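The structure under discussion appears below in the form of structure tokens.
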Amino acid sequence: MEVVSQPDSSTERRRDEKRDSIHTAAIDQFTERGIAGTSMARIAEAANMSRPALYQYFRDKDDIFASAFVALFEEHVDAALAALEHDVTTAEQLEGMLQRFDGDLWQRMAASPHSDEIMSAKNDEVNLAVAKVIARLESGLAAYLEDFADAEKQRAWVDILRLSPKGFKSDQPSVALYRQRLATLAQSVAADIDSS
263 MEVVSQPDSS TERRRDEKRD SIHTAAIDQF TERGIAGTSM ARIAEAANMS RPALYQYFRD
323 KDDIFASAFV ALFEEHVDAA LAALEHDVTT AEQLEGMLQR FDGDLWQRMA ASPHSDEIMS
383 AKNDEVNLAV AKVIARLESG LAAYLEDFAD AEKQRAWVDI LRLSPKGFKS DQPSVALYRQ
443 RLATLAQSVA ADIDSS
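Residue numbers (the working numbering): 263 to 458.
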């Protein structure tokens, strides 16, 4: 019987760190240059690695884009859920959650002249992966709200907190105005929670 060796945890950790570094470099390149203007060579250079080394981690630019985009959403969901655990008022917790997810993502996209290209480039695989990440955010938000009301009221609050930010972007507001809208939403829902 042949024994297959498993990579040790330090090897896996280094691989994950390298993938994270590539994700960061790729997101920076995609937001600066757009998808069409970004090449594997540019991503490799930005990640301080050779192009052949980059292919050890990703098949092609589309693979990097998909992985980096999902990782970006994961990072913002982690920060948003962490904000719900801060020892502050309900309004501040909700605003922190909204700002870390919606506000920070909007700020990053609004700063890019290629945001429309980036947002429209998602494919079915990316859309499914992002939907799972968003479902994790909604599940964490629902768990946070469990102590405040019954299931029907919780679902209503989750819907308002998750769907309203999409509408807040319809007129392409400045980052400051968008963040103010998120703050107002958090204060409004917190007032409803506190009165329950």
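The beta-carbon is built from N, C-alpha and C at its ideal position, and this holds for glycine as well.
This one's a predicted model, so the numbers in the text were calculated from it and none came from an experiment.
Report the residue ranges of all alpha helix (DSSP H) runs contained in full by the segment 382 to 409; include only those spanning at least 4 residues, in chain order.
For the segment 382 to 409, the full-length alpha helix (DSSP H) segments reaching 4 residues or more read 386 to 407 along the chain.
Rounded C-beta distance between Ala452 and Leu360? I'm assuming under 8 Å.
For the purposes of this step, residue 452 is taken as residue 190 along the sequence shown, with counting starting at 1. For the purposes of this step, residue 360 is taken as residue 98 along the sequence shown, with counting starting at 1. Wrong, their Cβ atoms sit about 11 Å apart, outside the cutoff.
Of the residues Ile326, Ile297, Arg362, Arg313, which one's Cα is nearest the Cα of Arg281?
Walking along the sequence shown from the start, residue 281 turns up at place 19. Of the listed residues, the one whose Cα sits closest to Arg281 is Ile326.
Could you check how far apart the C-beta atoms of Glu212 and Ala328 are, in whole angstroms? I think they sit under 8 Å.
Outside the displayed span of the chain (263 to 458) sits residue 212, for which this structure offers no information.
I need the DSSP call for Gln449, collapsed to helix, strand or coil.
Within the sequence shown, numbered from 1, the residue matching residue 449 stands at position 187. Gln449: helix per DSSP, three-state reduction.
Excluding sequence positions up to five away, which residues of its chain have a Cβ less than 8 Å from the Cβ of Asp366?
Counting from 1 along the sequence shown, the entry for residue 366 is found at position 104. Cβ within range, chain order: His338, Ala341.
Inter-residue spacing [alpha-carbon to alpha-carbon] between Ala308 and Gln291:
For the purposes of this step, residue 308 is identified with residue 46 of the sequence shown, where counting begins at 1. For the purposes of this step, residue 291 is identified with residue 29 of the sequence shown, where counting begins at 1. Distance between the alpha carbons of Ala308 and Gln291 is about 8 Å.
Go ahead and pull the three-state DSSP assignment for Leu299.
Position 37 of the sequence shown, counted from the first residue, corresponds to residue 299. Reading off the sequence shown, one finds Gly at residue 299, where the question assumed Leu. Correct three-state label for Gly299: coil.
Extent of the continuous alpha helix (DSSP H) run through Glu311
Along the sequence shown, read from residue 1 onward, the residue named residue 311 stands at position 49. With the sequence shown as reference, residue 311 is identified as Met, and Glu is not the correct amino acid for it. Neither: Met311 is in no alpha helix (DSSP H) and is coded neither H nor E.
Among Ala418, Lys415, Lys323, Met371, which one has its Cα closest to the Cα of Tyr440?
One-based indexing of the sequence shown puts residue 440 at position 178. Of the candidates Ala418, Lys415, Lys323, Met371, the one whose C-alpha sits nearest the C-alpha of Tyr440 is Met371.
Are Ile305 and Ala288 touching if we call contact CB-CB under 8 Å?
On the sequence shown, position 43 is the one that residue 305 refers to. On the sequence shown, position 26 is the one that residue 288 refers to. Taking the C-beta atoms as reference points, Ala288 is found nearer than 8 Å to Ile305.
Can you check whether the CB of Ile422 is closer than 8 Å to the CB of Thr352?
Along the sequence shown, read from residue 1 onward, the residue named residue 352 stands at position 90. Along the sequence shown, read from residue 1 onward, the residue named residue 422 stands at position 160. The criterion of a C-beta distance shorter than 8 Å is not satisfied by Thr352 and Ile422.
According to DSSP, is Gln355 helix, strand or coil?
Residue mapping note: residue 355 aligns to position 93 of the sequence shown, counting from 1. Annotated three-state conformation of Gln355 is helix, per DSSP.
In angstroms, rounded to a whole number, what distance separates the CA positions of Lys384 and Asp409?
In the sequence shown, residue 384 corresponds to position 122, counting from 1. In the sequence shown, residue 409 corresponds to position 147, counting from 1. Rounded to whole angstroms, the gap between the alpha carbons of Lys384 and Asp409 is 36 Å.
Less than 8 Å separating the beta-carbons of Leu343 and Leu399?
Locating residue 343 in the sequence shown gives position 81, counting from the first residue. Locating residue 399 in the sequence shown gives position 137, counting from the first residue. Yes, the pair counts as a contact, with Cβ atoms nearer than the cut-off.
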